[in-house]
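Novice: Below you'll find the structure I mean.
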Amino acid sequence: MNIAFFLTPKKDVIHLKNNTTMQEAVNTMYKYRYTAVPIINEKGKYVGTLTEGDLLYKLKKDESVSLKDMSNILVEDIPRYQINRPVSINSNIKNLINIAKYQNFVPVVDDNNTFIGIIKRSDIIKYCYDIITVNDNELKEAMTI
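Below is the structure:
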């Protein structure tokens, strides 16, 4: 199976530029109720994922950071404590599922590491559930014959 089947394209994905401020990142994540957001650079390359935890660690580690200071801190300067690995669009489903076990979404890149979208773990689970449900129904029908 081609993993592109699960792809949510970049145009439909809320993402941050690496030169976004910490304040803008917090506002975006709050607005959309996201706990993690992909980060891309000015060339469109995937450079990481910013999580709520990263923001909290930054505030805790540098207790001198005020709400006012958050407008001067760039996302690229916030350490990330969890590495959300991307997957190539040419990757196989087994590799995708192995990564999705540990991430709510998997960033998808092309051969040049250009960000092209994400695959949500929930979409993979829904697909698997639908297959199991169809197979269960077929089994039940076969047993009644």
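If you're matching positions, the sequence shown starts at 1 in UniProt numbering and goes up one per residue. From the three backbone atoms N, C-alpha and C, an ideal C-beta is built for every residue, glycine too.
1) Contact check, F105 vs I93 under 8 Å by CB: the rounded distance?
2) Can at least three beta-carbon pairs, one atom from the region 38-56 and one from the region 121-128, be found at a separation below 8 Å?
3) Taking only three categories from DSSP, how would you classify S88?
4) If we ignore side chains and look at the alpha-carbon of each, how far apart do N2 and Y46 end up?
5) Within 10 angstroms of its Cβ, does A100 collect 16 or more other Cβ (buried), or is it exposed?
6) Write down the C-beta distance between D111 and S91 rounded to the nearest angstrom, noting that I regard them as a contact closer than 8 Å.
7) Assuming Y34 is part of the alpha helix (DSSP H), what are its boundary residues?
8) Using the C-alpha atoms, what's the distance from K43 back to V65?
9) Could you say which of D123, V134, G117, I132 lies nearest to I40 if we only look at CA atoms?
10) Tell me where the alpha helix (DSSP H) around K61 begins and ends.
11) Just curious, the beta strand (DSSP E) that K120 is in, first and last residue?
12) What number of angstroms, rounded off, separates the C-alpha of D123 from the C-alpha of F6?
13) Looking only at its chain, what residues have a beta carbon closer than 6 Å to the beta carbon of N27, apart from the 5 residues adjacent to it on each side?
14) Return no unless some Cβ of chain C is closer than 7 Å to the Cβ of D136.
15) Write down the C-beta distance between L55 and I78 rounded to the nearest angstrom, noting that I regard them as a contact closer than 8 Å.
Specialist: To lay it out plainly:
1) Along the sequence shown, one-based indexing puts residue 105 at 105. Along the sequence shown, one-based indexing puts residue 93 at 93. F105 to I93, Cβ: 16 Å. No contact.
2) no
3) Numbered from its first residue, the sequence shown carries residue 88 at position 88. Reduced to three states, the DSSP call for S88 is strand.
4) Residue mapping note: residue 2 aligns to position 2 of the sequence shown, counting from 1. Residue mapping note: residue 46 aligns to position 46 of the sequence shown, counting from 1. Between N2 and Y46, the C-alpha separation is close to 21 Å.
5) As a first step, residue 100 is located in the sequence shown; it is residue number 100 there, counting from the start. Under this definition A100 is a buried residue.
6) As a working note, residue 111 is residue 111 in the sequence shown. As a working note, residue 91 is residue 91 in the sequence shown. So it is not a contact: roughly 11 Å between Cβ atoms.
7) One-based indexing of the sequence shown puts residue 34 at position 34. From DSSP, Y34 is part of no alpha helix (DSSP H); its letter is neither H nor E.
8) Here residue 65 corresponds to residue number 65 of the sequence shown, with the count starting at 1. Here residue 43 corresponds to residue number 43 of the sequence shown, with the count starting at 1. The alpha-carbon atoms of V65 and K43 are separated by roughly 29 Å.
9) Along the sequence shown, one-based indexing puts residue 40 at 40. Taking only the C-alpha atoms, the option nearest I40 is G117.
10) The sequence position of residue 61 within the sequence shown is 61, counting from 1. Start and end: 52-61.
11) The residue you call residue 120 lines up with position 120 of the sequence shown. Residues 115-120.
12) For this step, residue 123 is matched to residue 123 along the sequence shown. For this step, residue 6 is matched to residue 6 along the sequence shown. Roughly 7 Å between the two C-alpha positions.
13) In the sequence shown, counting from the first residue as 1, residue 27 sits at position 27. Excluding sequence neighbours, N27 sits near nothing in its chain.
14) Considering every chain present, this structure includes no chain C. It has just one protein chain.
15) As a position in the sequence shown, residue 55 is number 55, starting the count at 1. As a position in the sequence shown, residue 78 is number 78, starting the count at 1. Going by Cβ atoms, the distance from L55 to I78 rounds to 7 Å, so yes, they are a contact pair.
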